[in-house]
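**Student:** Structure provided below as C-alpha cells; questions to follow.
In the UniProt record's numbering, the protein residues as written are 1 to 156.
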C-alpha cells in the first residue's frame with residue numbers, strides 16, 4: 001500500500017523583481033519603491049510606475065521618508081508605458097496600491113507572467129484642507145503601513 005503524500009502548504013517563491021503601481025507614481029508607489037529599495041535593494045529588483053502621468057513627486061512623501069532615513073528626492077514619476085519602453089516589464093510580482101492601478105496590472109497579465117497583489121492604500125493627497133501636520137501624519141501612516149507590508153512580503 002502506498003504512503004499518502006504528506007500535507008504541505010505551497011511555499012511562496014522568493015520575489016526577485018517587483019513593480020509597485022498606483023495612479024500617478026508620485027506618492028504611494030514612489031514611497032513603496034523607495035522603502036523596498038532601502039530594505040531589499042541588494043536582493044530584489046524594484047521599480048514603480050503610475051497608470052497616468054502629470055503629477056510631480058510629492059514633497060510630503062519625500063519629507064515622510066526622509067524622517068526614517070530614506071532619500072526619495074531623486075525620484076521622477078513615470079508611467080507604466082514609459083517603464084515598458086525604457087526596460088520592459090519583466091517582474092515576478094506587481095503590487096498595486098489603488099483600484100485603477102490594480103485594473104491596469106490585471107490587463108498587463110494578458111501579456112506578461114507576473115503575480116498581482118492588491119494592497120489598498122489610502123491616498124494622503126486627499127487631505128488638501130487639513131493642517132500641514134495632519135497632512136504629514138497621513139503620509140507617515142502610508143509610509144509605516146507600506147513598510148510593514150513590504151518587510152513581511154519581501155523577506156527571504
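Backbone N, C-alpha and C fix where the C-beta goes; we use that ideal spot for every residue, glycine too.
In this text, all values refer to a predicted model and were calculated from it rather than measured experimentally.
Give the single residue among 73, 20, 29, 36 whose Cα lies nearest to the Cα of residue 59.
**Tutor:** 73
**Student:** With DSSP as the reference, label residue 117 as helix, strand or coil.
**Tutor:** Reduced to three states, the DSSP call for residue 117 is strand.
**Student:** Confirm, please, whether the CB-CB distance from residue 154 to residue 31 is below 7 Å.
**Tutor:** no
**Student:** Take residue 152 and list the residues in its own chain whose beta-carbon comes closer than 6 Å to its own, dropping the five residues that flank it on each side.
**Tutor:** none
**Student:** Among the residues of its own chain, which have a CB less than 8 Å from the CB of residue 15, if the five just before and after it don't count?
**Tutor:** 44, 92, 93, 153, 154
**Student:** If you run the structure through DSSP and keep just helix, strand and coil, what is residue 154?
**Tutor:** Note: residue 154 maps to helix in three-state DSSP.
**Student:** Which same chain residues, not among the five before or five after residue 47, have their C-beta less than 7 Å away from its C-beta?
**Tutor:** 19, 33, 83
**Student:** Drop a sphere of 10 angstroms on the beta-carbon of residue 65, count the other beta-carbons inside from all chains shown, and report buried for 16 or more, exposed for fewer.
**Tutor:** Buried, since its Cβ has 16 or more Cβ neighbours within 10 Å.
**Student:** I'd like the ranges of any alpha helix (DSSP H) spanning at least 4 consecutive residues and lying wholly in the UniProt domain "Phosphotyrosine protein phosphatase I" (16-156).
**Tutor:** 28-40, 59-66, 80-87, 99-108, 132-154
**Student:** Quick one, which of 35, 110, 40 has its alpha-carbon nearest residue 71's?
**Tutor:** 35
**Student:** In angstroms, rounded to a whole number, what distance separates the CA positions of residue 17 and residue 90?
**Tutor:** 8 Å
**Student:** If you draw a straight line from the C-alpha of residue 98 to the C-alpha of residue 148, how long is it?
**Tutor:** 18 Å
**Student:** Let me make sure I understand the geometry here. Which of 52, 141, 88 has the alpha-carbon closest to that of residue 22?
**Tutor:** 52
**Student:** Thinking residue 56 and residue 101 are a contact (beta carbons under 8 Å), I'd like their distance in whole angstroms, please.
**Tutor:** Going by Cβ atoms, the distance from residue 56 to residue 101 rounds to 18 Å, so no, they are not a contact pair.
**Student:** If you count every other CB in all the chains shown that lies within 10 Å of the CB of residue 13, and 16 or more means buried, which is it?
**Tutor:** exposed
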